[in-house]
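Every position in the sequence shown, counted from 1, becomes a number in this note's numbering once 555 is added. In this text, a Cβ means the ideal position worked out from N, Cα and C, and glycines have one as well. Remarks on the structure that follows.
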Amino acid sequence: MLEIAIAVGGILASIIGFYIKRLYREVDSVKKDIKAFRDELTSHRVEDASRYLPRSEMNEFADRIKLDVQNTLQPMYSKLQSIEEYLRNKN
């Protein structure tokens with residue numbers, strides 16, 4: 556009877572050991588994947604940072620866009636003001 560209990564205990568221990576070893580392998584694999592992802596993300600950030608425009612160029616670009624929008628909307632605004640004045644004076 557004792558031999559059977561020892562055999563069953565040994566089988567259970569080997570099964571548990573197998574799954575623990577498998578779990579550790581999976582954890583190591585996940586750690587390696589995370590490290591690779593982190594390294595890739597770091598290099599991606601460095602590449603992105605090298606592609607950024609300097610702040611002065613961004614400000615210049617924003618100023619040009621602002622002027623373009625103002626130049627586009629100014630005639631429309633003037634026309635709307637003249638229509639508004641006409642309607643007010645009409646009554």
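- Task: Please go through the same chain and pick out, in chain order, the residues whose beta-carbon is closer than 8 Å to the beta-carbon of Y632, but skip the five residues on each side of it.
- Result: Your numbering for residue 632 matches position 77 in the sequence shown. Hits under 8 Å: none found.
- Query: For the alpha helix (DSSP H) that P630 lies in, which residues bound it at each end?
  - Reply: Residue mapping note: residue 630 aligns to position 75 of the sequence shown, counting from 1. First-last of the alpha helix (DSSP H) with P630: 610-645.
- Message: Quick check on DSSP: helix, strand or coil for D579?
- Response: For this step, residue 579 is matched to residue 24 along the sequence shown. Checking the sequence, you will find Tyr at residue 579 rather than Asp. Helix, per DSSP.
- Item | Inter-residue Cα distance where the pair is K576 and A562 | In the sequence shown, counting from the first residue as 1, residue 576 sits at position 21. In the sequence shown, counting from the first residue as 1, residue 562 sits at position 7. Taking the straight line joining both Cα atoms gives about 21 Å.
- the ligand FMN heavy atom lying under 7 Å from the CB of L567: The ligand FMN is not part of the structure shown, which contains no ligands of any sort.
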